[in-house]
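When we follow this note's numbering, the leftmost residue of the sequence shown carries the number 78, and every step to the right adds one.
Think of the CB as a built atom: it goes at the ideal place given N, C-alpha and C, for glycine as much as any other residue.
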Amino acid sequence: MTYMKTELLFTPAASAQTELLAVFAADTSVNKDKDAKPEITLLTSDEAVRKAANFVLASGEFKAEANETLLLHAPEGLAATRLLIVGLGNAAKADPHAIRRAAGTAVRFAKPRGIRSLAILVPEGNFDPAQSTRAIAEGAILADFDSDTYRTDRKDRSVEFLSIQVPSGVDKSPAAAGHREGVVIAESQNFARTLINEPGNRMTPTILGQRAAEMAAENGLKCEVWSTDKLRELKMGAFLAVAQGSDEPPALIVIQYEPETVKPDTPVMGLVGKGITFDTGGISIKPADNMEKMKYDMAGGAAMIGAMRAIAQLKPAVKVVAIVCAAENMPSGKAVKPGDIVFARSGKSIEVLNTDAEGRMVLADGLHYARELGATRLINAATLTGAVAIALGQINAGVFANDEDAYRHFTKALEISGEKFWRLPVEDEYREQIRSSIADIQNTGLTRYGGATNAAMFLKEFVGDTPWLHLDIAGLAWQDAEKPWLAKGPTGIALRSIVEWVRSYA
Ligand code: BES
Ligand code: ZN
Ligand code: ZN
Numbered sequence: 078m079t080y081m082k083t084e085l086l087f088t089p090a091a092s093a094q095t096e097l098l099a100v101f102a103a104d105t106s107v108n109k110d111k112d113a114k115p116e117i118t119l120l121t122s123d124e125a126v127r128k129a130a131n132f133v134l135a136s137g138e139f140k141a142e143a144n145e146t147l148l149l150h151a152p153e154g155l156a157a158t159r160l161l162i163v164g165l166g167n168a169a170k171a172d173p174h175a176i177r178r179a180a181g182t183a184v185r186f187a188k189p190r191g192i193r194s195l196a197i198l199v200p201e202g203n204f205d206p207a208q209s210t211r212a213i214a215e216g217a218i219l220a221d222f223d224s225d226t227y228r229t230d231r232k233d234r235s236v237e238f239l240s241i242q243v244p245s246g247v248d249k250s251p252a253a254a255g256h257r258e259g260v261v262i263a264e265s266q267n268f269a270r271t272l273i274n275e276p277g278n279r280m281t282p283t284i285l286g287q288r289a290a291e292m293a294a295e296n297g298l299k300c301e302v303w304s305t306d307k308l309r310e311l312k313m314g315a316f317l318a319v320a321q322g323s324d325e326p327p328a329l330i331v332i333q334y335e336p337e338t339v340k341p342d343t344p345v346m347g348l349v350g351k352g353i354t355f356d357t358g359g360i361s362i363k364p365a366d367n368m369e370k371m372k373y374d375m376a377g378g379a380a381m382i383g384a385m386r387a388i389a390q391l392k393p394a395v396k397v398v399a400i401v402c403a404a405e406n407m408p409s410g411k412a413v414k415p416g417d418i419v420f421a422r423s424g425k426s427i428e429v430l431n432t433d434a435e436g437r438m439v440l441a442d443g444l445h446y447a448r449e450l451g452a453t454r455l456i457n458a459a460t461l462t463g464a465v466a467i468a469l470g471q472i473n474a475g476v477f478a479n480d481e482d483a484y485r486h487f488t489k490a491l492e493i494s495g496e497k498f499w500r501l502p503v504e505d506e507y508r509e510q511i512r513s514s515i516a517d518i519q520n521t522g523l524t525r526y527g528g529a530t531n532a533a534m535f536l537k538e539f540v541g542d543t544p545w546l547h548l549d550i551a552g553l554a555w556q557d558a559e560k561p562w563l564a565k566g567p568t569g570i571a572l573r574s575i576v577e578w579v580r581s582y583a
């Protein structure tokens, strides 16, 4: 796969020979009543750029609202053929996340206009240069992704080149470090989005395993991909129960990252992903409406594979093992049936009340196996329940934690990633919901209330006392409408937060 080339340039913005030069502006008015005029400040001290924008900004038609754009052709005094002003919103809220989105907005402005190369000016003001160069690289690369890959008349409108114009006086090395991080993370996220975007017939468990193995080989990671025989040998009865209805064999993908040096007592990070390449619901079959969406039921697994790519390149001093449990959930004469009893690898017996609650089944064996492979901190990501989307909508994803310290690490990771997660409970009072009358546990709750927590309670049965986070990304993994800074389709949610969470232990 080829990604947009990005480069840091330390030359004056006025001399940037580019089809489009983007510069950020913020509203610097403070605490005035809402009818008061915004105070537009261009976030550059470059005199030529300020002069070129001066006349149109004085008109008052541009308010510098977040992701608002204003285009000038043939700007006087600049080598660029176009000047694009992009709003960051109120200056008080103009953080790296606003910059990431605004950079994305510039790229998505350029794409349909046939602009293949652009320059973005690093904002001046109270911005950390490393954070800014990272945000710009991330936002631009993420924005370049589009999901219409199978249109035969598709015109590839990818941006080929971005120069990130660094103002004078900024230190090279932090700016370069931020830039590199942004490139690695956004490319990895786009890699995950590409996997998620593939339909079920072109992304089977076997193919997902192949794509993971290719990625691992390219990035110096150890990778093993196992199938039915190995699952039987490992007695992964919960995972096997989900896979048995399909003609497509399952894949147990294990990817390992070993740093050159690790401090003693550094934990081993276990990343576990739900990789259901298509979820029909099985015998408890889903309604036809929107069933096609269930091709993205491997988004958690893809996030883990993409996270491992980023980890391999960023090289944190911490050991990481990723496990993706890939299977296709199908109805057939061989499929698991409601009421069936299966044994997970941990030895627990499970009554399968609903074959559509398959994600927790495959994760049960994946989480247990991660601990056996030495993980002392666990995180899993899964499009696990419709209920989490009912509770939180499509703004926040759900996070569940059995450990305050691991959760604190995660909240720190969120500050860097800019992703939104809201904590929901996994407390023992809910356990009676998953108590079975015939087996140890059942795979759905007694009632439909608190469905996201019931699923989390099921997973909790398999993590023992290992600090663990469960990310339920069902509501956020696919975006139905495009945003000014991001295409519709697979989002790659959770990857950035997982990577930062892992790095926080190094
Ligand atoms: N993959 C679905 C959850 C899902 C729903 C993901 C919507 C993305 C969008 C999951 O396997 C599922 O079917 N969950 C059931 C659980 C129920 C049977 C207890 C659900 O949420 O309805
Ligand atoms: Zn399901
Ligand atoms: Zn599912």
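task = Please report the Cβ distance between residue 321 and residue 298, rounded to the nearest whole angstrom; I am assuming they are in contact, meaning their Cβ atoms lie under 8 Å.
result = Wrong, their Cβ atoms sit about 30 Å apart, outside the cutoff.
query = Counting only runs that start and end within the region 309 to 357, where is the beta strand (DSSP E) found for 3 or more residues in a row?
reply = As summarised for the region 309 to 357, the continuous beta strand (DSSP E) elements at least 3 residues long and confined to that stretch are 328 to 334 and 346 to 356, given in chain order.
Residue interval of the beta strand (DSSP E) (run including residue 398) = Looking at the DSSP string, the run of the beta strand (DSSP E) that includes residue 398 is 397 to 406.
inquiry  = Can you check which of these residues, 370, 503 and 428, is closest to residue 567 by C-alpha distance?
reply    = That would be 370, whose Cα lies nearest to the Cα of residue 567.
request  = Could you spell out where the alpha helix (DSSP H) holding residue 125 opens and where it closes?
outcome  = Run containing residue 125: 124 to 135, per the alpha helix (DSSP H) assignment.
query = Any idea if residue 446 is buried or exposed, counting beta-carbon neighbours within 10 angstroms, 16 or more meaning buried?
reply = Its Cβ being crowded by 16 or more others within 10 Å, residue 446 is buried.
Segments of 3+ residues assigned as beta strand (DSSP E) that fall wholly inside the region 445 to 497 = Within the region 445 to 497, the complete beta strand (DSSP E) runs of at least 3 residues fall at 454 to 459 and 474 to 478.
request  = Using a threshold of 9 Å, state whether the C-beta atoms of residue 265 and residue 384 are closer than that.
outcome  = Note that the C-beta distance between residue 265 and residue 384 is below 9 Å.
ask   = chain C beta carbons: is any one of them nearer than 9 Å to that of residue 483?
value = The structure shown contains no chain C; it holds only a single protein chain.
ask   = Is the region 313 to 332 close to the region 418 to 434, with three or more CB pairs under 8 Å?
value = Yes, the region 313 to 332 is in contact with the region 418 to 434.
key: residue 360 Cβ short of 8 Å to ligand 2 heavy atom set   = No - ligand 2 has no heavy atom lying nearer than 8 Å to the Cβ of residue 360.
At least three beta-carbon pairs within less than 8 Å, the region 362 to 369 to the region 436 to 453 = By the Cβ criterion, the region 362 to 369 is not in contact with the region 436 to 453, since fewer than three pairs of Cβ atoms, one from each stretch, lie closer than 8 Å.
ask   = Hey, how far is the Cα of residue 483 from the Cα of residue 93?
value = Residue 483 and residue 93: Cα-Cα distance of roughly 45 Å.
ask   = Roughly how many whole angstroms lie between the Cα atoms of residue 214 and residue 524?
value = CA-CA distance, residue 214 to residue 524, rounds to 46 Å.
task = Run the proximity test for residue 531: is its beta-carbon closer than 8 Å to any non-hydrogen atom belonging to ligand 2?
result = Outside the cutoff, so no.
request  = Assign residue 170 to one of three DSSP states: helix, strand, or coil.
outcome  = In the structure shown, residue 170 falls within a helical segment according to DSSP collapsed to helix, strand and coil.
Expected contact under 8 Å - CB spacing of residue 180 and residue 216 to nearest Å = Confirmed, Cβ separation roughly 3 Å.
inquiry  = Check whether the region 545 to 557 and the region 451 to 464 touch, using three or more Cβ-Cβ pairs below 8 Å as the test.
reply    = A contact is defined here as three or more CB-CB pairs under 8 Å, and the region 545 to 557 meets this definition with respect to the region 451 to 464.
query = Quick one: does the C-beta of residue 460 sit closer than 8 Å to a heavy atom of ligand 3?
reply = At least one heavy atom of ligand 3 is nearer than 8 Å to the Cβ of residue 460, so yes.
task = Using beta-carbon positions only, say whether residue 155 and residue 239 come within less than 9 Å of one another.
result = For residue 155 and residue 239, no; Cβs fall outside 9 Å.
task = Between the Cα of residue 541 and those of 565, 452 and 510, spot the shortest distance and give me the residue it belongs to.
result = Closest option to residue 541, Cα to Cα, is 452.
Coarse secondary structure for residue 206, derived from DSSP in three states = Residue 206: helix per DSSP, three-state reduction.
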